[in-house]
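If you're matching them up, the sequences are chains A and B in order.
Under my numbering, residues 55 to 169 are what the first sequence spells out, in order.
Under my numbering, residues 842 to 956 are what the second sequence spells out, in order.
Working notes, beginning with the structure itself.
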Amino acid sequence: DAGVIQSPRHEVTEMGQEVTLRCKPISGHNSLFWYRQTMMRGLELLIYFNNNVPIDDSGMPEDRFSAKMPNASFSTLKIQPSEPRDSAVYFCASSLRSSGRTEQYFGPGTRLTVT
Amino acid sequence: GDSVTQMEGPVTLSEEAFLTINCTYTATGYPSLFWYVQYPGEGLQLLLKATKADDKGSNKGFEATYRKETTSFHLEKGSVQVSDSAVYFCALGHGGGGGADGLTFGKGTHLIIQP
Numbered sequence: 055d056a057g058v059i060q061s062p063r064h065e066v067t068e069m070g071q072e073v074t075l076r077c078k079p080i081s082g083h084n085s086l087f088w089y090r091q092t093m094m095r096g097l098e099l100l101i102y103f104n105n106n107v108p109i110d111d112s113g114m115p116e117d118r119f120s121a122k123m124p125n126a127s128f129s130t131l132k133i134q135p136s137e138p139r140d141s142a143v144y145f146c147a148s149s150l151r152s153s154g155r156t157e158q159y160f161g162p163g164t165r166l167t168v169t
Numbered sequence: 842g843d844s845v846t847q848m849e850g851p852v853t854l855s856e857e858a859f860l861t862i863n864c865t866y867t868a869t870g871y872p873s874l875f876w877y878v879q880y881p882g883e884g885l886q887l888l889l890k891a892t893k894a895d896d897k898g899s900n901k902g903f904e905a906t907y908r909k910e911t912t913s914f915h916l917e918k919g920s921v922q923v924s925d926s927a928v929y930f931c932a933l934g935h936g937g938g939g940g941a942d943g944l945t946f947g948k949g950t951h952l953i954i955q956p
């Protein structure tokens, strides 16, 4: 089975540009999570969805960040406009929300550099 | 809110040495506890978990016991190998089997095993 797929793996962009990160969860999983990893703050939860519905977006840093999940097999995280402080590795994870087995499976991450 | 504190590295050991990575947490309710491992350039992989007090999670020679009285989940391995070199994250989660909602991570411990 394919794991969580993220694209692109690396993204370099200039300040002010729009950036879109993409995630395909594991087939059959019904929860999807976006995390950000930086040296200073470690791994932080940005937002998560259950059955395509956003449940908790309290970790989204500001209005420049938005996430969507139009269907069970695709999600995007958009930053508009991007800033240098957004440089980080962004991870997507998915899980099957059922009693007793809700381990999160992580994608390889997208390394974003904003210059 | 929830928080996880773990020893920061790097931790450098010789092959076959005994490993302990400390992890303590602060949380409401009764969270599940996890250890994830991240190899260079990859996403996080679940190493082991424990869902209630006194549970012991184990995998690949690693063990950790959920100690509610000390709010700890220390990771141990009796004899480390060079291939264990990675970054290890302690995390907690609520809901379902513990990972149904977003996870709260520690900052990570970089482990280096020298031959």
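Glycine included, each C-beta is placed from N, C-alpha and C at the ideal position.
From a predicted model like this one, the values you see are computed outputs, not experimental measurements.
Pair within 7 angstroms by beta-carbon distance, residue i and residue j
i: Leu100/A; j: Gly113/A; result: yes
i: Thr74/A; j: Thr130/A; result: yes
i: Glu857/B; j: Val923/B; result: no
i: Phe946/B; j: Leu97/A; result: yes
i: Leu916/B; j: Ile953/B; result: no
i: Ser152/A; j: Ile80/A; result: no
i: Phe119/A; j: Tyr102/A; result: no
i: Tyr877/B; j: Leu889/B; result: no
i: Lys78/A; j: Ile59/A; result: yes
i: Val168/A; j: Ser141/A; result: yes
i: Pro70/A; j: Pro135/A; result: At residue 70/A the sequence reads Gly, which differs from the Pro that was named. In contact: Gly70/A and Pro135/A (Cβ atoms closer than 7 angstroms).
i: Ser920/B; j: Thr865/B; result: no
i: Gly870/B; j: His951/B; result: no
Exposed unless 16 or more other CB atoms sit within 10 angstroms - verdict on residue i
i: Ala927/B; result: buried
i: Met123/A; result: buried
i: Asp895/B; result: exposed
i: Glu137/A; result: exposed
i: Val107/A; result: exposed
i: Gly884/B; result: buried
i: Gly934/B; result: buried
i: Val66/A; result: exposed
i: Arg139/A; result: exposed
i: Gln955/B; result: exposed
i: Asp925/B; result: buried
i: Ala121/A; result: buried
i: Ser873/B; result: buried
i: Lys897/B; result: exposed
i: Asp942/B; result: buried
i: Gly842/B; result: exposed
i: Phe859/B; result: exposed
i: Thr892/B; result: buried
i: Arg90/A; result: buried
Contact set between residue i and chain B, taken where Cβ atoms lie within less than 7 angstroms
i: Lys162/A; result: Correcting the residue identity first, residue 162/A is Pro in this sequence and not Lys. Chain B residues near Pro162/A: Glu883, Gly884.
Per-residue contacts from residue i into chain A (C-beta, under 9 angstroms)
i: Phe930/B; result: Gly96, Leu97
Residue i: contacting residues in chain B (beta-carbon distance under 9 angstroms)
i: Asp110/A; result: Asp942, Gly943
Residues that residue i contacts on chain A, provided the C-beta gap is smaller than 7 angstroms
i: Lys948/B; result: Gly96
Determine which residues of the stretch 877 to 889 of chain B have a Cβ less than 9 angstroms from any Cβ of chain A, and write them out in chain order. Tyr877, Gln879, Gly882, Glu883, Gly884, Leu885, Gln886, Leu887
Any C-beta of chain B within less than 7 angstroms: which residues of the stretch 83 to 107 of chain A qualify? Ser85, Phe87, Gly96, Leu97, Leu99, Tyr102
Residue ranges of each beta strand (DSSP E) within the stretch 874 to 945 of chain B, 3 or longer: Counting only runs that start and end inside the stretch 874 to 945 of chain B, the beta strand (DSSP E) elements of at least 3 residues fall at 885 to 891, 897 to 900, 903 to 906, 916 to 918, 927 to 934.
Proximal residues, the stretch 130 to 150 of chain A versus chain B, C-beta separation under 7 angstroms: Phe145, Ser149
Counting only runs that start and end within the stretch 90 to 124 of chain A, where is the beta strand (DSSP E) found for 3 or more residues in a row? If only uninterrupted beta strand (DSSP E) runs of at least 3 residues are considered, those enclosed by the stretch 90 to 124 of chain A are 96 to 104, 107 to 110.
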